[in-house]
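In what follows, a single structure is set out as structure tokens and then discussed.
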Amino acid sequence: MRRRHVLGAGLAIAVAGMAGSAMAQSEIKIGEINSYSLLPAFTEPYRKGWQLAVEEINAAGGINGKKLVVISKDDGGKPADAQTAANELVSSENVAMLTGTFLSNIGLAVSDFANQKKVFFLAAEPLTDAITWSKGNRYTFRLRPSNYMQAAMLVEEAAKLPAKRWATIAPNYEYGQSAVAVFKKLMSEKRPDIQWVDEQWPPQGKIDAGPVVQAVAAANPEAILNVTFGADLVKLVREGNTRGLFKGRSVVSFLTGEPEYLDPLKEETPEGWIVTGYPWYDIKTPDHDKFLKAYQAKYSDYPRLGSIVGYQTIKAAAAILAKANSTDPEKLIAATEGLSMPSPFGEITFRKIDHQSTLGAYVGKTALKDGKGVMVDSVYRKGADYLPSDAEVAKQRPQ
Amino acid sequence: MAFYFVQFLTGLASAASLFLVASGLSIIFGVTRIVNFAHGAFYMLGAYVAFTLTERFSGALGFWGGIVVAALIVAAVGVLVEMVLLRRIYHAPELFQLLATFGLTLMVQDIVVLIWGPDDLLGRRAPGFRGAVDFFGQNIPSYDLFLIALSPIVLGGLWLLFQRTRWGVLVRAATQDRDMVAALGVNQKWLFTSVFALGVFLAALGGALQIPRDAVHHALDLRIIVDVFVVVVIGGLGSIIGAFVAAVLVSELNAFGILIFPKISIILVFLVMAVVLIVRPWGLFGKPEAAARRTPGLTVNPWRPLTSGERSMSIGALVLAAMLPLFAGNYALTVGSEIAIFVIFAASLHFLMSVGGLASFGHAAYFGLGAYGVAFLAKAAGLPMIVSLLLGPLLGLLGAAVFGFFAVQLSGVYFAMLTLAFAQIVWSIAFQWVAVTGGDNGILGVWPDKWAAGPASFYWLSLAIAALAVTVLRVIVFSPFGFALRATRDSPLRSEAIGIDGKRVQWTAFVISGTVAGIGGALFAYLKGSVFPDSLGISLSVDALVMVLLGGVETVSGAVIGAIVFKAANIWLVSQTDLSKLVLGGFIVLMVVAFPKGIVGTLEAIRNRRRSSEPKSALATSRIEVAE
Amino acid sequence: MSMVPTLLSVQNLSKSYGGVHAVRSVSFELRAGEILALIGPNGAGKSTCFDMLNGQNTPDSGRINLLGEDTVGRKPRAIWRLGVGRTFQITATFPTMTVRENVQVALVSYGRQLFNLWGSTASYARDEAGRLLDLVGMGAYAGRPCGELAYGDLKRLELAIALANQPKLLLMDEPTAGMAPRERIELMRLTARIAREQSIGVLFTEHDMDVVFEHADRILVLNRGSLIAEGSPEEVRGNPQVRAIYLGEGLVYDARHREGAGA
């Protein structure tokens, strides 16, 4: 499906420019970019999600009668390669829009490319606030709840805790830094009485968990904010469990309830952490049921959050294309601003003011069930309720 | 007090696996002089295989047996690699083996995902070492205590092996003087194979022992390989004790450093390495390397400027390349621009490596500095493109002048590692200083001015600058300075004895090379419209090395071909397949075997052999008679 | 002879390593056009002495006056600039260049063009390089890769390189080591001829006593770091102390050193 040309390397470069437009009449092409080879654990379920969406859309007659084709590219986790891919999709595949990306820096790189080349871009997963706010642009929209939104959802719960002494553990890069900054800001607004007693900044993917856990324990906080994820989280949890760091302490943790991050913890899942995530086993809405059944039928596997994001990204793209009934970027923008649509999490809207979708997230607590980590007491938080006032948003976006 | 003691023990436990892997790398390097880039891959394989075995076989025996058997299995894989691949290229130019092992590393990254799936895997805890020991209210994981005890045992075992067995004596002798062992009539092949097996065994054991405290995933190799190189270099290449002390030093500095500077771990090892190498150029326990012998494969065919025929051919190729916009689309032109930029970058490193004999492992620093220079000028100062393009590379020049001054005091692998350390320091500044550099999110919106914005215009611009850069570097190669530089590379003794200040010559070459790299980076910033810390990163530095080695390090301009082939293959594969690493790695391994002197180097060797086979052979025999 | 200027004057030169006196208070002079041999058994301190003269080693005490300049503590390249040519026991040349280019690099350095990035080395002082190669009998090999040369030819090339800065003094460490007997004599005759024609002083160490006694004007004998004899070949040959030291070695060249040079 994606390996269209089988040509020699040299030839491909020369000829690539000419390929493409042949089938333009009967189909609509969407370009999709993600870090498939660097982050397979997250992008595989994501891919399954969007493939399911494509199948459903085409089974239902496509987009205004045209077949939807998604051309997917790997960016290898490098912003520069993502731009090369974006360029290929736009210049030689003539896609109607770009979608995808996982890492914040890649999302921003593609967003900047879209702005420069005047191409519509629907960012799927990158969390950075910059993509819709400080570095936002008119060609870029984002599906997933941002860093700010997730922080606001967690702060709502965290503020209820009695804890006054807080420590933070976050990966040492832009995502970790801004997650901590937003959390601290919102938390201090609600609870001026709390103190920040320690912060740890392990390098992303290279946490030396023993010393970090020991250092946090030495500061003797009453509560801990965690932003690490993936393999770092596994190491942190294992060391923390063994050394008793989490005993008698509240922990608030970004994203940890997502199956991508929770499942690898297996029987070592710590209990009672306040997390954002995706308890697919606990969601009893018709929208989600339909998605879950279709997903399980097609893959005999359960969905991860990435599956939802991938699925909804393409569903949203199709809705946008159907409404615009054109591939002109300006018309796509006009169609998207304020567009509402169903999703497995309920109705969502792409805001006109900052191009952020109102897709929300589930907030709940971690628990151990049959040797596996699960989320319990989870409640869906609508994205729209966790965004700052329009005036504040307008101030952040470049005019 | 108890806290500091426990923190100290925690540091020791972290040092254990670092030491195991580092000692393996050190042994391999000491004897075979191979910079085994795949060492991290073997570490990762050890963890994966151990995961499978320990899941399969229950109980204490299943666990500990699984760990040891996993390391043995991976060691067997190592033996296979050594016999099938490395044996073919021991006589290739220095560092060529690095290319082969780099190709292997790429392949393994994809292979583990194919075999074990993409998810992070959680291994079993060690039977009997699940809990923690209470020490005055502080908890020490009992598995940490096990690891702390293990590393001196391994150290002692290795010491006995090297001091008390005939094999060990041979290994030590080979570490001192490789040629001498060959002269002793020892079967060098099997010595190398067995040493490689031991080194890989240690790496795999280090990986296997991590499964109770880590997640097993496909990026484990990259996480450890750089740190391990650093530890080996700090300790002194070939020194096991050195590896042990350095592993402890680095881990303890990290354990206590984060108490004062929580953000330090990202940069710490590189700071330590830079300081150690500046103060003690051969590491803590290393010995000054004996004067480098000539690599056996080194060409004796002196370089010469292009003949008029070759010059016309080059100009023809350039003209042909300049005609690309007539028939290619925007994407192809953008790829063309990217390739031209990487030709500049590779040529700059090639100049330093091949003419100067200085293999930089951190050349991306100067490329990236050029890119950031442009980004600052264009975004912060709002300067027009021409001005930024001219001034941006000066940041690369400045970086090269400062770092180069220290780096050229060293040579060989130590030079390589110091350049790596500097590059990592620059990278982490770009990565962490969010206020100025935007951190990981980079600097956006560095797009070309209107006159160069079209893909064709930008392509012509890049092509013209690439052609200019390659030409200028060639002119320098054949200039008096170029000869002084080659003289310093060929024989430091002789060049000093004819009045050449080798360090100053090398420093100048470093600055030239860094500036040219900066020019490439400056163009790259405009091509992509943005700058990210990636453009200073290790993987870009390694890419440049691969391009140079692929082209042929003993040629004048082989990097041009190396860059074109590698970059084109890379872009195409990434676009066509998700298994691009597997295919690209396989491609590199094949190229290494097929073209042991690099593409251009091998072609030149074939041509020279043909051209000179008849007239020269008669002369050569007569000369040999005289010599006897 | 008193009209001939002193090139090199060494006074009380000493060097010790961890209490072992490698060189002990050695003094001597060398005049223009004079060929001076420095001999002694293995470990006598010849190499240490030599290294201190050419700047690779620094003496603990003593003075070295070379062409009116105090050279103690100067680097080899600075000493070369004073007009000192040098050859090594194991030849040091540039194997990836042609024979002519080897000489041209030295000429580039002599002409202070080392940081000239834009000129063409191929045409730089080509005639002068050719002249020097002709002088040592290597003119026919000018275009040949240096890496292909036989060892004797490398020695001659080294001599040409050493002559590139129009030296006043040549320092030659075992100039004939590793060569066939006939070649030894040829090379030393050549050196002597050039020295006399150009009034160059030559200081050399040598194991081959035939070479020493045939070509040296004067001989210095070192033993255990001290100078034990000095004089014309006849004087030295008759010196009982020297005879005693060399009894074991038979006053002839030592075959071991042929292998040691790695021919």
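Read top to bottom, the protein sequences are chains A, B and C. Take the first sequence: its letter number 364 is residue 359 in the working numbering, and every next letter is one higher. One gets the working numbering by counting positions in the second sequence from 1 and adding 567 to each. One gets the working numbering by counting positions in the third sequence from 1 and adding 555 to each. Beta carbons are placed, not taken as given, at the ideal position from N, Cα and C, and that holds for glycine.
Cα-Cα separation, residue i to residue j
i	j	result
L865/B	E1121/B	Note that L865/B scores 48 on pLDDT, short of 50, meaning its location in the model is unreliable and no value can be drawn from it.
I1128/B	V1167/B	7 Å
A109/A	T135/A	7 Å
R133/A	R346/A	12 Å
E769/C	D615/C	34 Å
A732/C	I645/C	8 Å
H762/C	N597/C	9 Å
I791/B	P197/A	15 Å
A587/C	A1051/B	31 Å
I682/B	P216/A	42 Å
L987/B	D258/A	37 Å
A79/A	A1023/B	It is worth fixing the name first, because residue 79/A is Thr in this sequence and not Ala. When rounded, the distance between both Cα atoms is 16 Å.
T874/B	D682/C	22 Å
W757/B	V980/B	25 Å
L965/B	Q351/A	42 Å
G854/C	Y572/C	With chain C represented from 556 up to 818, any question about residue 854/C goes unanswered, as that position is not in the structure.
D282/A	L138/A	17 Å
R1056/B	A717/C	19 Å
V246/A	V1160/B	54 Å
R376/A	F340/A	10 Å
P650/C	C701/C	5 Å
T353/A	A693/B	46 Å
P730/C	A990/B	46 Å
F759/B	L919/B	30 Å
G959/B	P951/B	11 Å
V1156/B	D1110/B	14 Å
Q976/B	W1074/B	9 Å
CB-CB length for residue i against residue j, believed under 8 Å
i	j	result
V817/B	I801/B	7 Å
G940/B	L962/B	3 Å
F618/B	L688/B	5 Å
Simplified DSSP assignment, three categories, for residue i
i	result
R160/A	strand
S1147/B	helix
G756/C	strand
E819/B	helix
Q199/A	coil
E120/A	coil
I792/B	helix
L1035/B	helix
N868/B	coil
V767/C	helix
_Minimum length 3: unbroken beta strand (DSSP E) runs contained in the region 27 to 74 of chain A_ = 62 to 69
*For the region 1064 to 1090 of chain B, which residues have a beta carbon sitting closer than 7 Å to at least one beta carbon of chain C?*
Interface annotation for the region 1064 to 1090 of chain B against chain C: A1064, I1065, G1066, I1067, D1068, V1072 and T1075, criterion Cβ-Cβ distance under 7 Å.
*Quick one: which residues of the region 1001 to 1030 of chain B get their C-beta closer than 7 Å to a C-beta of chain A? List them in chain order.*
Listed by position, the residues of the region 1001 to 1030 of chain B near chain A (Cβ gap below 7 Å) are V1001, G1006, D1007, N1008, G1009, L1011, G1012 and W1014.
*Whole beta strand (DSSP E) elements within the region 682 to 740 of chain B, 3-residue minimum*: Runs of the beta strand (DSSP E) inside the region 682 to 740 of chain B: 699 to 702 and 705 to 708.
*Using a beta-carbon distance cut-off of less than 7 Å, what residues from the region 72 to 92 of chain A approach chain B?*
K73, P74, A75, D76, Q78, T79, A80, N82, E83, S86 and S87
*Chain-ordered residues of the region 895 to 924 of chain B with a beta carbon less than 8 Å from chain A*: Taking 8 Å as the cut-off between beta carbons, the residues of the region 895 to 924 of chain B near chain A are A895, G896, N897, Y898, A899, L900, T901, V902, G903 and E905, in sequence order.
*Looking at chain B, which residues of the region 240 to 273 of chain A have a Cβ within less than 9 Å of any of its Cβ atoms?*
L240, E255, Y256, D258, P259, L260, K261, E262 and E263
*What residue ranges within the region 922 to 993 of chain B form continuous alpha helix (DSSP H) runs of no fewer than 4 residues, ordered along the chain?*
931 to 942, 952 to 958 and 960 to 974
_Minimum length 4: unbroken alpha helix (DSSP H) runs contained in the region 571 to 626 of chain C_ = 601 to 609
*Give the residues from the region 91 to 123 of chain A that approach chain B closer than 7 Å (Cβ to any Cβ), ordered along the chain.*
S99, N100, L103, A104, D107, F108, Q111 and T123
*In chain order, which alpha helix (DSSP H) runs of at least 4 residues are fully inside the region 876 to 918 of chain B?*
891 to 894 and 897 to 917
*Taking a Cβ distance cut-off of 7 Å, strictly less, list which residues of the region 27 to 52 of chain A are near chain B, in chain order.*
Y31, S32, P35, A36 and E39
*Start-end ranges of the alpha helix (DSSP H) lying completely within the region 168 to 231 of chain A, minimum 4 residues*: 169 to 185 and 204 to 214
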